[in-house]
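Worksheet: the structure to be examined is printed underneath.
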Amino acid sequence: MSMLYSEEVMDHFANPRNVGIIEDADGIGEIGNAKCGDIMKMYLKIENNIIVDVKFKTFGCGAAVATSSMATEMIKGKSIDDALALTNKAVVDALGGLPAVKVHCSVLAEEAVKCALADYYKKQGIDHPVIKEAEEIMGHDDEHEHEIPEE
Ligand code: FES
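Take a look at the structure:
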């Protein structure tokens with residue numbers, strides 16, 4: 003089974019970076035995965051448009067842990083614009099790939115970062131396009147939760 007996962011994925015799963023919470027976070031993003039119902043919470047500390055600290059907590063699977071760990075490493079010390087440009091594909095590539103059935107897990111990290119940045123801008127009273135983007139992400143979530151099966 004472990005052959006399905008790259009060494010990088012196994013490493014980030016076994017030793018995830020930046021797990022935890024930031025008590026005085028400047029932005030917090032919480033997002034559910036529409037596919038599996040797993041949850042991700044992302045905390046950002048921001049100074050002068052730089053992400054000086056980032057922590058995450060997830061009730062997600064191993065692939066979610068590994069991608070979030072890698073994503074936090076990729077945005078720590080970077081500008082907000084760099085963090086906004088982070089895609090789940092870049093994270094998956096940095097991990098040496100993921101099995102196709104686990105790619106939806108990697109979306110959690112990207113979306114949680116966007117929601118945390120939207121929360122940051124809202125708290126600052128700044129209107130920024132990411133706020134609308136985050137609302138759309140959360141909206142999709144709601145739609146899914148309230149979906150009534152046909153049969
Ligand atoms: Fe839910 Fe991976 S199965 S995040």
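Heads up: take any position in the sequence shown, counting from 1, add 2, and you land on the numbering used here.
Glycine included, every Cβ here is placed at the ideal spot set by N, Cα and C.
query, result
"Under 9 Å between the Cβ atoms of Ile33 and Ile82?", "no"
"Cβ-heavy atom distance between Cys117 and the ligand FES below 8 Å?", "no"
"Have a look at Lys43 and Tyr7 and give me their C-alpha separation to the nearest angstrom.", "24 Å"
"Using the C-alpha atoms, what's the distance from Val21 back to Asp40?", "16 Å"
"Does the ligand FES have a heavy atom nearer than 8 Å to the CB of Cys62?", "Just to set this straight, residue 62 is Gly in the shown sequence, not Cys. For the ligand FES, at least one heavy atom lies less than 8 Å from the Cβ of Gly62."
"DSSP beta-bridge partners for Ser71?", "According to DSSP, Ser71 bridges with nothing at all."
"Measure the C-alpha to C-alpha separation of Gln126 and Glu113 and round it to an integer number of angstroms.", "20 Å"
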